[in-house]
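Undergrad:
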Amino acid sequence: MAKHKEIVMSGIRPTGFLHLGNYFGAIRNYIKMQEDFECYFMVADWHSLTTHPDTKELRGNVERVLAENIACGLDPDKAAFFCQSHVHETAELYLYLNMLAYKGELEKTVTFKDKVRQHPENVNAGLLTYPVLQAADIILHRAQYVPVGKDQEQHLEMARNFANRFNHRYGEVFPEPVAYNYNAELVKVPSLDGKGKMSKSENQMATLYLADEDDMIRKKVAKAKTDGGPTEMNSIKPDYIENIFALMKLVCTEDVIAKYEADYNNCTIRYGDLKKQLGEDMVKFIAPVREKINTILPDKNYLKQVMEQGAEKANKSAGETMKLVREAMGLKYF
Ligand code: TYM
38 MAKHKEIVMS GIRPTGFLHL GNYFGAIRNY IKMQEDFECY FMVADWHSLT
88 THPDTKELRG NVERVLAENI ACGLDPDKAA FFCQSHVHET AELYLYLNML
138 AYKGELEKTV TFKDKVRQHP ENVNAGLLTY PVLQAADIIL HRAQYVPVGK
188 DQEQHLEMAR NFANRFNHRY GEVFPEPVAY NYNAELVKVP SLDGKGKMSK
238 SENQMATLYL ADEDDMIRKK VAKAKTDGGP TEMNSIKPDY IENIFALMKL
288 VCTEDVIAKY EADYNNCTIR YGDLKKQLGE DMVKFIAPVR EKINTILPDK
338 NYLKQVMEQG AEKANKSAGE TMKLVREAMG LKYF
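Quick note, this note's numbering runs 37 ahead of the 1-based positions in the sequence shown.
#1: Where DSSP assigns a beta bridge to Ser47, which residues make up the other side?
#2: What separation, rounded to the nearest whole angstrom, lies between the Cα atoms of Glu129 and Lys360?
#3: Using the rule of at least 16 other Cβ atoms within 10 Å of the residue's Cβ for burial, across every protein chain shown, is Gly390 buried or exposed?
#4: Keeping to the same chain, check which residues put their C-beta closer than 6 Å to that of Ala39; ignore five residues upstream and five downstream.
#5: Verify the contact flag: Ser236, CB atom, against every heavy atom of the ligand TYM, threshold strictly below 7 Å.
#6: Tell whether a beta-carbon distance below 8 Å holds between Val362 and Tyr77.
#7: Can you confirm whether Met359, when its beta carbon is compared against all beta carbons of chain D, has any partner nearer than 8 Å?
#8: Helix or strand or just coil, what does DSSP make of Lys350?
#9: Considering only DSSP beta bridges, list what Cys120 is partnered with.
#10: Given this structure, state the Cα-to-Cα distance separating Phe74 from Tyr60, to the nearest angstrom.
#11: Gly110: beta carbon under 7 Å from a heavy atom of the ligand TYM?
#12: Quick check on the DSSP output: the alpha helix (DSSP H) that includes Val183 runs from which residue to which?
#13: Count the other CB atoms, across all protein chains shown, that sit within 10 Å of the CB of Gln155; report buried if there are 16 or more and exposed otherwise.
#14: Could you tell me the distance, in whole angstroms, from the CA atom of Glu372 to the CA atom of Gly141?
#15: What does the Cβ neighbour count give for Ser272, buried or exposed, with the cut at 16 atoms within 10 Å?
#16: Just to confirm before moving on: does the CB-CB distance between Thr166 and Leu143 stay below 8 Å?
#17: Excluding sequence positions up to five away, which residues of its chain have a Cβ less than 6 Å from the Cβ of Lys115?
#18: What separation, rounded to the nearest whole angstrom, lies between the Cα atoms of Asn338 and Phe118?
#19: For the alpha helix (DSSP H) that contains Val215, what are its first and last residues?
#20: Along the chain, where does the alpha helix (DSSP H) that runs through Met285 open and close?
#21: Measuring only the C-alpha atoms, how far is Asn331 from Leu340?
#22: Counting pairs of Cβ atoms below 8 Å between the region 75–94 and the region 38–55, do you hit three or more?
#23: In the structure shown, what three-state DSSP assignment does Lys313 receive?
#24: Where does His205 land, buried or exposed, given buried means 16+ other C-beta within 10 angstroms?
#25: Within the continuous alpha helix (DSSP H) that includes Glu269, where are the two ends?
#26: Ordered along the chain, which non-local residues of its own chain (more than five positions away) have a Cβ less than 6 Å from that of Arg202?
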């Protein structure tokens, strides 16, 4: 990896099967960016402990996230593809950044408030400082670009704040990281039930996973929420119909989308046909990825090798940054 390339960093939590939101929000960009940038992509296993303290399934989930990314086209020879817990310096930087992060701003984070609502019995300090750990992941490699979906926008804003505060107090070490997507707007892939976004662990029947079997994909799409169709020409689409069109734009051809847009506008749309078409196009997209996952996942030796190779690259970059950090902070006594 040539040193002059601009630096990219991103991560995914190993809390379940990856889905179309992870693909179109993040992984699709990883695959493009690995060609032109110095990339650090990570399985965020420490972050998963904030909500999933039971580690019995962690190894399997880590291996799955590795295999699923590689099946999508992530190339561990081009990017550093590693596990968060293999880069111990992350924890050191996290500690320093925690002194620059304020309780008030952390409590106002949308993802924190959501998690408090979902799991009132487990509001731990790690959950509160989740965005600080994420900022450490990113700036540890002095990354400028962070390919993520729309739900991560606020975390990136916080990472910029922490980086700036550090630079201001101790001297310029970090560039300002920005959320990145080639199509400019960050992506939010909606769920099939018209409520919220696709997610690893919630609303599983409304989420299309990269490992779903063909019949399961067809079944989920067939159940997507629709209605009797518009009764007035050129009417505004309700949210759940807008979502279905958004999903079509990910996998259907322009002709197909144009046909159903026209049918919608002149009130002849047949949602049964639309969903059949969308189901088949989703199967066409997901099936080859699923097949690759199924060949990569059983090869534990290969996955171990990927993690080792990734850890080596990430540790080298982390070591270089932390030397600058300690010097800037004056934490070098001999
Ligand atoms: P996580 O594991 O929830 O999601 C991984 C990536 O997938 C994107 N994503 C979506 N994009 C569009 N539509 C959706 N429905 C959708 N669902 C998920 C997310 O935006 C993300 O890009 N906090 C991070 C993990 C993380 C991280 C980092 C990310 C840890 N350290 C450093 C970037 C940089 C998270 O929970 O992602």
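Quick reminder that beta carbons are idealized off the backbone N, C-alpha and C, glycines included.
TA: Per the coordinate set shown:
#1: Phe78
#2: 12 Å
#3: Coverage of the chain is limited to positions 38 through 371, which leaves residue 390 absent and any answer about it impossible.
#4: Here Ala39 scores only 47 on pLDDT, less than 50, and its place in the model should not be relied on; the value that follows carries that caveat. Here the set comprises nothing.
#5: yes
#6: no
#7: The structure shown contains no chain D; it holds only a single protein chain.
#8: helix
#9: Val80
#10: 19 Å
#11: no
#12: Segment Tyr182 to Pro184 is the beta strand (DSSP E) holding Val183; no alpha helix (DSSP H) there.
#13: exposed
#14: Lying before the first or after the last residue shown, residue 372 is absent from the chain, which here runs from 38 to 371.
#15: exposed
#16: yes
#17: Gln71
#18: 15 Å
#19: Run containing Val215: none in the alpha helix (DSSP H); it sits in the beta strand (DSSP E), Val215 to Tyr217.
#20: Asp276 to Val288
#21: 13 Å
#22: yes
#23: helix
#24: exposed
#25: Per DSSP, Glu269 belongs to no alpha helix (DSSP H) and is neither H nor E.
#26: Leu137
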